[in-house]
Amino acid sequence: THHQNVARKILSERRRILKVRKENMNENEFEKKILKVMDVYLNEQSGLSDDDIVDNIMDLMLVGFEAMSQTQGWVLLLLAMFPQYQDLVQAELDEQLGPVVEEFTLAQLQKCQYLDMVTREALRL
6 THHQNVARKI LSERRRILKV RKENMNENEF EKKILKVMDV YLNEQSGLSD DDIVDNIMDL
66 MLVGFEAMSQ TQGWVLLLLA MFPQYQDLVQ AELDEQLGPV VEEFTLAQLQ KCQYLDMVTR
126 EALRL
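Note that our numbering has the sequence shown beginning at 6, numbered continuously upward.
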């Protein structure tokens, strides 16, 4: 399936990266943790086949998708329940991203304080 092909590409790319990676790679902490998990999977002594690794990657992708979907649902519910905050978030997004958004950067989203507060409240619930 498409998702298995994506997982296989991730596996292949990670193997390539492992061959050229140096100790002091400039990665953030989250990336380092993900890569450590992949290193364990790719260890020849782990006993995991490529199919096992692909299955695990797909599980991680699905868990991330489900968590993101639930968070988005709570954010939308909170914004619907509190239109005054919905207006603040919309104004903030318009200011940071413009009225028509085709692409945005992480730096732009990080400037959206109201959106961050609503998202954190949704995660708290």
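Don't be surprised by glycine CBs; every beta carbon is placed ideally from N, CA and C.
| said: Measuring CB atoms only, is the region 63-74 touching the region 103-115, in the sense that at least three cross pairs come out at less than 8 Å? | reply: no
| Measuring CA to CA, which of Ile62, Ser54, Gly52 is closest to leucine 40? | Ile62
| query | Hey, how far is the Cα of valine 88 from the Cα of aspartate 44? | reply | First, the residue type needs correcting, since residue 88 is proline and not valine in the sequence shown. C-alpha separation (whole angstroms): 46 Å.
| message | Can you tell me whether alanine 12 is buried or exposed? The criterion is at least 16 other CB atoms within 10 Å of its CB, across all chains shown. | response | buried
| query | Helix, strand or coil: which one does DSSP assign to asparagine 48? | reply | coil
| request: Output the distance between the C-alpha atoms of asparagine 48 and arginine 21, rounded to the nearest integer angstrom. | output: 14 Å
| message | Would tyrosine 119 and glutamate 97 qualify as a contact pair, given that the criterion is a beta-carbon distance under 7 Å? | response | yes
| message | My assumption, with CB atoms under 8 Å, is that valine 59 sits in contact with glutamine 9. Please give the rounded CB distance. | response | 6 Å
| request: Express the C-alpha separation of glutamine 77 and glutamine 113 in angstroms, rounding to a whole number. | output: 19 Å
| message | Cutting at 8 Å between CB atoms, please list the residues of its own chain near leucine 93, excluding the five before and the five after it. | response | Tyr119
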